[in-house]
Amino acid sequence: MFNVDVHPDVYAELEHSRAWYEERADNLGTEFITEVNKAIEMVGEAPMMWPFHDKQHDIQRYLVHRFPYAVIYRVKDRIVRIIAVMHLRRHPDYWQERIGHWNSGDGNSPH
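Numbered per the UniProt record's numbering, the sequence shown spans residues 1 to 111.
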């Protein structure tokens with residue numbers, strides 16, 4: 001298992017998406033968060049298994065089961081840095097400004 005750091009902005013994004021799903025159906029927001037957490041766990045267990053989204057910047061992605069989202073991350077020094085949990089159809093590159101500005105100490109581990 002690799003250490004996992006989550007960019008601070010990801011938490012607010014997830015809460016916004018959770019609330020949106022919860023308005024659509026009871027417990028759907030909770031199910032969304034559960035699937036995202038499973039995705040982050042999978043990435044932390046075997047981060048090199050998943051495809052590159054942007055090979056130039058060593059950015060990989062893992063598709064979240066049941067929801068149109070992907071965990072966007074990169075691995076450096078045995079640390080998985082979760083850059084974003086991105087909706088696949090809305091502003092797909094909004095997170096790119098985070099790539100160069102995030103140092104390993106800026107994230108928070110969910111585990």
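No residue lacks a Cβ here, since even glycine has one placed at the ideal position from N, Cα and C.
Pop quiz: residue i and residue j are said to be a contact at Cβ under 8 angstroms. What is the actual Cβ separation, rounded to whole angstroms?
{"i": "Val10", "j": "Val85", "result": "6 angstroms"}
{"i": "Ile99", "j": "His57", "result": "6 angstroms"}
Could you give the DSSP three-state label for residue i: helix, strand or coil?
{"i": "Phe52", "result": "strand"}
{"i": "Ile99", "result": "coil"}
{"i": "Asn3", "result": "strand"}
{"i": "Leu14", "result": "helix"}
{"i": "Tyr94", "result": "helix"}
{"i": "His57", "result": "helix"}
{"i": "Ala19", "result": "helix"}
{"i": "Arg81", "result": "strand"}
{"i": "Val71", "result": "strand"}
{"i": "Leu63", "result": "strand"}
Are residue i and residue j close, meaning C-beta to C-beta below 9 angstroms?
{"i": "Tyr69", "j": "Gln60", "result": "no"}
{"i": "Ile82", "j": "Ile33", "result": "no"}
{"i": "Glu22", "j": "Leu28", "result": "yes"}
With distances taken Cα to Cα, identify the nearest neighbour of residue i among the options.
{"i": "Val4", "options": "His57, Asn27, Phe32, Asn37", "result": "Asn37"}
{"i": "Val71", "options": "Glu97, Trp20, Glu31, Gly44", "result": "Gly44"}
{"i": "Val64", "options": "Val6, Arg18, Glu35, Asn27", "result": "Glu35"}
{"i": "Arg78", "options": "His16, Arg90, Pro47, Gln96", "result": "Pro47"}
{"i": "His16", "options": "Met49, Met1, Lys76, His87", "result": "His87"}
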